[in-house]
Structure formats: C-alpha cells, structure tokens
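In what follows, a single structure is set out as structure tokens and then discussed.
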Amino acid sequence: METYNIDSVNLFEIVVGLEEEFEITLQDADFSVETFSTVANIAAFVEQKRSEEQ
Amino acid sequence: MSQAPEEIVLIPGPMPLHGIVHHCRGIAPLAWGMLFCDPFAEEKKCAHRVLVEAARYFCTADIICLRFDYRGTGDSPGDFAEATLELWLEDILAAARFMRQALHVQTLGLLGLRLGGALACQAAFAEKELVDFLVLWEPVIEGKQYLQQNLRRSLIKAMLTDEKKFNPERVRAVHYEMEIYDFDGYPITAEMRRQIEAIDLLGLPRNFPGPTLVVQIGPRQEPAKPYQELADLLGGRAIAVRQEPFWARIGLINPKPVIEETELWLAELQASWAKDRMQPKIEPKALQEEIRPET
Chain A
17 METYNIDSVN LFEIVVGLEE EFEITLQDAD FSVETFSTVA NIAAFVEQKR
67 SEEQ
Chain B
56 MSQAPEEIVL IPGPMPLHGI VHHCRGIAPL AWGMLFCDPF AEEKKCAHRV
106 LVEAARYFCT ADIICLRFDY RGTGDSPGDF AEATLELWLE DILAAARFMR
156 QALHVQTLGL LGLRLGGALA CQAAFAEKEL VDFLVLWEPV IEGKQYLQQN
206 LRRSLIKAML TDEKKFNPER VRAVHYEMEI YDFDGYPITA EMRRQIEAID
256 LLGLPRNFPG PTLVVQIGPR QEPAKPYQEL ADLLGGRAIA VRQEPFWARI
306 GLINPKPVIE ETELWLAELQ ASWAKDRMQP KIEPKALQEE IRPET
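Which chain is which? The protein sequence lines are A and B, in order.
For the numbering used here, count along the first sequence from 1 and bump the result up by 16.
For the numbering used here, count along the second sequence from 1 and bump the result up by 55.
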C-alpha cells in the first residue's frame with residue numbers, strides 16, 4: 017500500500033470497487049493487512065471469495 | 056457578472072435554524088425554489104463547497120435555493136448528540152414551509168445528498184402537498200449498508216494506522232455495542248443509529264406524485280440497480296454522472312458534471328410545466344395562513 021501511496025479513502029474505494037466489479041461481499045474478518053498488502057494478494061483473495069460465494 | 060445576492064436567515068420553528076438563501080437576480084419569473092438537504096458528518100464537510108457552488112449555479116437559472124443546517128449541526132443551535140432523524144425531518148419540513156411562506160416559492164423541490172437524499176425522500180412522502188419534485192444525489196437507499204460502509208471505513212483506518220494491534224472484532228464491538236456510537240468521528244446515540252439502520256427507501260410506498268431525478272455519482276456509465284429501482288419506484292429518472300464522489304474527498308473537485316446534468320433535467324421540467332401551465336400544489340397565501348406563527 018505504501019508503494020502505491022494508498023490511504024484509507026483509496027482503500028475504501030478499492031474495497032467497494034472489488035465488491036461491485038466481482039460481485040463479492042467482504043466480511044469484517046476479511047480485513048487484514050496481509051490481504052491488502054500487495055496486488056497479487058488482493059487478486060488471490062478475490063479469486064478465493066468468488067469460489068466461496070458461487 | 057456579479058454574484059446574485061445571498062442572505063443569512065433564521066428559519067422559524069421549534070428551534071430556529073440557520074440558513075443561507077441564494078436569491079435569483081431580480082424577480083424569479085417562475086417562483087421556483089429548491090431546498091438543499093445536507094449529508095451527514097464528514098460527508099457534509101467534504102460536500103459543503105460543491106453544494107454552495109450548486110446553489111449559486113441554480114439561482115442563475117431562476118431557482119431560489121436555501122441551504123440550511125439541521126439542528127445541532129453547522130451554525131444551527133442544538134446539541135449534535137441529541138439529534139435524531141425525526142427531528143431533522145421536522146427541520147426539512149420547517150425549511151420547506153419557510154420557502155413557501157417567506158420566499159414565496161410556488162414550485163418547490165428538495166435536493167438531497169447521501170443521508171440528506173434519504174431524508175428529502177421521506178420528507179416528500181411525509182407532506183406530499185409541500186414538495187413538488189425531488190433531486191436525489193447518490194441517496195442512502197439502505198441504512199444498514201450505510202452503517203456497514205462506516206464500519207468499513209473504521210476497519211480500514213484501524214488497519215492502516217495500527218497494523219500490529221488491528222483486531223476487526225474490537226472495531227466492530229465499538230460500532231455496535233456502545234451507547235454512544237462513533238460515526239466517523241461524530242458521536243451519535245444508539246437511537247439515532249437505529250433510525251439510520253431503519254432507512255429503506257425501496258420499502259417506501261409508490262405514491263410520491265412529483266417528478267424525481269436520482270443521480271448516481273462515480274465511475275459508472277449506467278446507474279446501478281438500486282438507484283434504477285428507486286427511480287422506478289418513485290416514477291422518476293435515474294442517471295449516472297461520471298464524477299468523483301465529492302462527499303468523500305478532501306481537495307479540489309470540479310462540481311460541474313453533476314450540477315449541469317441536474318440543471319438540464321430542471322430546465323426540461325420547467326419547460327414542460329410551463330407548457331402544461333401546471334399550478335403549484337399550495338397557494339402561498341393559504342400556506343401563510345396555515346403556518347402563521349402563534350402570537
């Protein structure tokens with residue numbers, strides 16, 4: 017997040033965008049520093065959520 | 056061209072409210088007016104300048120605009136922590152009556168942003184005779200989701216500021232188990248939280264008779280399903296305007312896209328009603344009798 021200068025407002029929008037774009041719903045427990053630390057981690061998380069929610 | 060006159064007013068009611076009237080230059084030939092219903096908390100702060108710009112723009116199109124502060128917010132008296140949505144709804148209705156009575160507005164609309172959009176919608180249903188049309192900018196359609204978004208902001212802030220001690224359950228507990236609840240830095244009571252949670256615009260009856268514009272503001276080209284559903288329910292139109300969500304931004308924002316799209320819709324409405332020679336719902340004189348303050 018530091019690499020891309022992501023602040024809390026940006027991250028909030030990323031979360032909303034992920035939910036809209038990939039039709040997933042994040043739970044409170046999904047919020048972790050590790051999940052959002054890299055783009056690759058976010059992609060893996062989305063893949064996992066999509067398979068869980070299908 | 057110099058700016059149209061602006062006037063600070065006190066809106067009469069159980070608690071006099073602070074307002075700013077954006078007058079039209081000269082006499083407004085159509086006597087149209089629009090009451091701005093503000094969003095809440097940080098969103099109100101971030102949106103303030105855009106709403107001022109919008110009011111100044113609309114009054115050049117012969118629409119008198121009134122911006123005001125709900126009790127306990129901005130420059131209006133009252134205690135923020137004692138506020139409820141019911142009281143703010145009363146404030147909107149008092150300000151709407153003031154526009155009819157003191158500003159001689161014959162065709163009155165409510166423009167509400169975010170939580171103000173939800174309140175504007177409820178106010179229009181509460182006194183249908185008072186409100187002729189609605190403009191809803193990114194209204195809060197579902198209160199539960201609005202609170203959930205607030206919780207997420209808190210989760211994200213906590214995550215970014217205190218990585219090692221970050222505990223989602225603790226953040227959640229602060230949101231749902233305290234009697235005074237931290238809404239993005241603003242203290243609200245459990246009662247206020249329950250009232251926000253109960254907002255369900257798609258659960259409103261299908262009987263608001265006036266034209267309605269529902270605007271979704273963001274990156275989308277078409278309005279998302281809930282906004283379209285709300286417009287369908289109200290018999291109105293939903294549009295998407297590509298613009299930054301200014302109520303969630305600190306910094307320089309170009310407010311033109313949403314203002315101009317709204318003005319376009321208002322101009323169509325004015326032209327169509329002028330053609331149909333639509334009469335206002337309430338004769339200003341009759342209303343003055345109705346709400347004359349007790350002496």
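C-beta atoms are modelled at their ideal positions from N, C-alpha and C, and glycine is treated no differently.
Quick caveat, the model's predicted, so the values are computed rather than measured.
The beta carbon of A/ALA60 sits no closer than 8 Å to any beta carbon of chain B. Rounded to whole angstroms, B/ASP287 and B/ALA293 show a C-alpha spacing of 8 Å. Runs of the beta strand (DSSP E) spanning 3 or more residues and lying entirely within the region 60-104 of chain B occur at 61-66, 72-77, 87-92, in chain order. Between the region 207-224 of chain B and the region 20-31 of chain A, the count of Cβ pairs shorter than 8 Å is three or higher; the stretches touch.
Chain B places a beta carbon closer than 8 Å to that of A/LEU27, counting this residue as a contact. Only buried fits B/PRO266, as 16 or more other CB atoms lie within 10 angstroms of its CB. Residues of chain A whose Cβ lies closer than 7 Å to the Cβ of B/LYS212 are, in chain order, SER24. Around the beta carbon of B/THR128, 16 or more other beta carbons sit within 10 angstroms, so the residue counts as buried.
With a beta-carbon spacing of about 12 Å, B/ILE119 and B/GLY74 fall beyond the 8 Å limit used to define contacts. Beta bridge pairing from DSSP links B/PHE123 with B/GLY74. Taking the Cβ atoms as the reference, B/VAL195 lies roughly 21 Å from B/ARG227, outside the contact range of under 8 Å.
Between the C-alpha atoms of B/GLY198 and B/GLU252 there is a straight-line separation of about 4 Å. Taking a contact as a CB-CB distance under 8 Å, the pair B/PRO310 and B/GLU182 does not count as one, their CB atoms being some 29 Å apart. Between the region 223-242 of chain B and the region 86-106 of chain B there are three or more inter-stretch CB-CB distances shorter than 8 Å, so the stretches are counted as touching. B/PRO281 is outside the set of residues whose beta carbon lies under 8 Å from a beta carbon in chain A. At least one CB atom of chain A sits nearer than 8 Å to the CB of B/PHE221.
With respect to the 8 Å criterion, B/LEU191 and B/VAL270 are classified as neighbours on the basis of their beta carbons. Less than 8 Å divides the Cβ of B/ALA178 from the Cβ of B/LEU144.
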